[in-house]
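Structure record follows, encoded as structure tokens.
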Amino acid sequence: MKSLVLKIFFSLSIFFACSVSVSAVSLSCINFPSDLYRGLSGDSVLLLQNYLSVSGYLSATPNGYFGPATFGAVQKFQLKNGISDTGYVGPITRLAIQIKSCEPVKMDPVDDTSTQSPTDTNTTVPRSSVTITSPWEGNDLTLGELYTIRWANKMSINESLVLEDEDGVTKGYVSYFPGVNGEYIWDVGKVSVGNSIETMKVGKYRIRVQDKVKGAYNNDPKSKLFNIIAPTINVSSVRPSSLKADNKSVSVLFGSGFTAGTRVYLDGVYQNPMNIVFTSSDGTVIVFSAPSNTSIGSHRVVIRNEYGSITSSTILKIY
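Residue numbers -24 to -1, 1 to 295, in mature numbering (1 follows the signal peptide of the UniProt record, and there is no 0), belong to the letters of the sequence shown in order.
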């Protein structure tokens, strides 16, 4: 443990010493806000997997689930860096990953007399050889669905996938470490901004291949403009079809296109709002209860999300 502390202290010393000369190096750090462990899933796990994949510890395709392959990859990383190989990403392992990902990346000297900006049309910065093959022009991608972004030619370890709108404004990282397999599975609409995950609104966007060290340039490889569209709401059934108005009993609504912002009403939008208990991440299930003041009788189920609403043919009996 003492040797590990000395290693971390030494690495941090190098980090702060090197960060003084910003013209010579560039830093890109990964900072996990909480511990990661087997059985966990989510964006932090996906970021961990992408880092382990690019660093050569993980051979499986990153999928956001901390399973046996990720567990083994973490053990390899821990052994390589003098940490007990528990497979648990605790404070020491998180700090080690942060230090390793913050290691300075050498850059070519920049001419301080140049007035050229990253958006100048005559930039001479070498263009990447990567070509994005999907999404294609006019492609409709539905919010919350999984879509495979594909590209031709090998992507370097310094290259990332960035989302920008039709005006060229960067919205965030689609993936900081896309990997070297020529494809990346994207949860449509989600981008990383700092340490948070944000969901984009519907609209026109494109994917840009951006060097994490050199930043954005006008001749970065880009996809054609595609559309991020709202999920279509569908209701197939509600079970049970009768529900007691006691704030505790629940019914399950089955369908598709449900989001975290989806609400359930009876007989009309904003009429007789139900209490949402659970919404599945795949958008196919909503569990809800009825407030005690809900009127007794048969009601037509109405669904509304951030993008629209539908009146279904499904009938729910309140008693």
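No residue lacks a Cβ here, since even glycine has one placed at the ideal position from N, Cα and C.
query                                                                                                                                                                : result
Does Leu28 pass the burial test, meaning 16 or more other C-beta atoms within 10 Å, or should it be called exposed?                                                  : buried
Could you tell me the distance, in whole angstroms, from the CA atom of Asn223 to the CA atom of Phe254?                                                             : 14 Å
DSSP state of Arg184, grouped into three classes?                                                                                                                    : strand
Taking 6 Å as the line, does the beta carbon of Leu34 fall inside it for any heavy atom of the ligand FAD?                                                           : The model depicted lacks the ligand FAD and carries no ligand whatsoever.
Kindly indicate which three-state DSSP category Ile75 falls into: helix, strand or coil?                                                                             : helix
Buried or exposed: where does Cys5 fall if 16 or more other Cβ atoms within 10 Å of its Cβ makes it buried?                                                          : exposed
Give the straight-line distance between the Cα atoms of residue 301 and Gly170, rounded to the nearest whole angstrom.                                               : This structure cannot speak to residue 301, because the chain is shown only from -24 to 295.
In terms of residues, what are the limits of the alpha helix (DSSP H) holding Phe8?                                                                                  : First-last for Phe8: undefined, no H or E at that position.
Classify Ala236 as buried or exposed, calling it buried when 16 or more other Cβ atoms lie within 10 Å of its own Cβ.                                                : exposed
Helix or strand or just coil, what does DSSP make of Tyr241?                                                                                                         : strand
Kindly indicate which three-state DSSP category Lys220 falls into: helix, strand or coil?                                                                            : coil
Please state the DSSP three-state secondary structure of Ser14.                                                                                                      : For the record, residue 14 in the displayed sequence is Arg; it is not Ser. It is coil, neither helix nor strand.
Given Ile252, which residues of its chain have a CB within under 8 Å of its CB, disregarding the five upstream and five downstream residues?                         : Thr238, Arg239, Val240, Ile262, Val263, Phe264
With a threshold of 8 Å on Cβ separation, who are the neighbours of Val30 within its own chain once the five nearest residues in sequence on each side are excluded? : Ile133, Phe153, Gly155, Val156
Grab me the residues of Gln186's own chain with a C-beta within less than 6 Å of its C-beta, minus the 5 sequence neighbours each way, in chain order.               : Ser136, Val138, Ala192, Asp196
Taking the straight line between their C-alpha atoms, what separation do you get for Lys180 and Leu122?                                                              : 18 Å
Can you give the Cα-Cα distance for Val228 and Arg215, rounded to whole angstroms?                                                                                   : 5 Å
Name the two residues that bound the continuous beta strand (DSSP E) containing Ser285.                                                                              : 284 to 294
Between the Cα of Ile205 and the Cα atoms of Thr270, Lys76, Asp243, Gly114, which residue gives the shortest distance?                                               : Gly114
To test your reading of the DSSP string, which unbroken alpha helix (DSSP H) runs of 4 or more residues are found completely within the stretch 34 to 58?            : 44 to 56
Pop quiz: Tyr33 and Ser17 are said to be a contact at Cβ under 8 Å. What is the actual Cβ separation, rounded to whole angstroms?                                    : Not confirmed; about 19 Å, so no contact.
So what's Tyr27 in DSSP terms, helix, strand or just coil?                                                                                                           : helix
Could you check if Pro207 is buried or exposed, using at least 16 other CB atoms within 10 Å of its CB as the buried criterion?                                      : buried
In whole angstroms, what separates the C-alpha of Thr111 from that of Ser104?                                                                                        : In the sequence under discussion, the amino acid at residue 111 is Pro, which differs from the Thr named in the question. In a straight line, the C-alpha of Pro111 is about 18 Å away from that of Ser104.
Taking Val211 as the reference, give the member of Glu174, Gly259, Lys220 with the closest Cα.                                                                       : Gly259
Cβ atoms of Asp11 and Gly58: under 7 Å apart, would you say?                                                                                                         : no
Leaving out five residues before and five after Leu242 in sequence, what residues of the same chain have Cβ atoms less than 6 Å from its Cβ?                         : Asn248, His275
Suppose only complete runs of 3+ residues qualify. What are the beta strand (DSSP E) ranges in the stretch 247 to 271, listed by chain order?                        : 251 to 255, 261 to 265
Can you tell me whether DSSP reads Asp19 as helix, strand or coil?                                                                                                   : helix
How big is the Cα-Cα spacing for Leu24 and Ala45?                                                                                                                    : 12 Å
Helix, strand or coil for Ile209? Go by DSSP, reduced to three states.                                                                                               : coil
Spatial neighbours of Gly284 within its chain, please: C-beta separation below 8 Å, excluding the five flanking residues on both sides.                              : Ala206, Ile209
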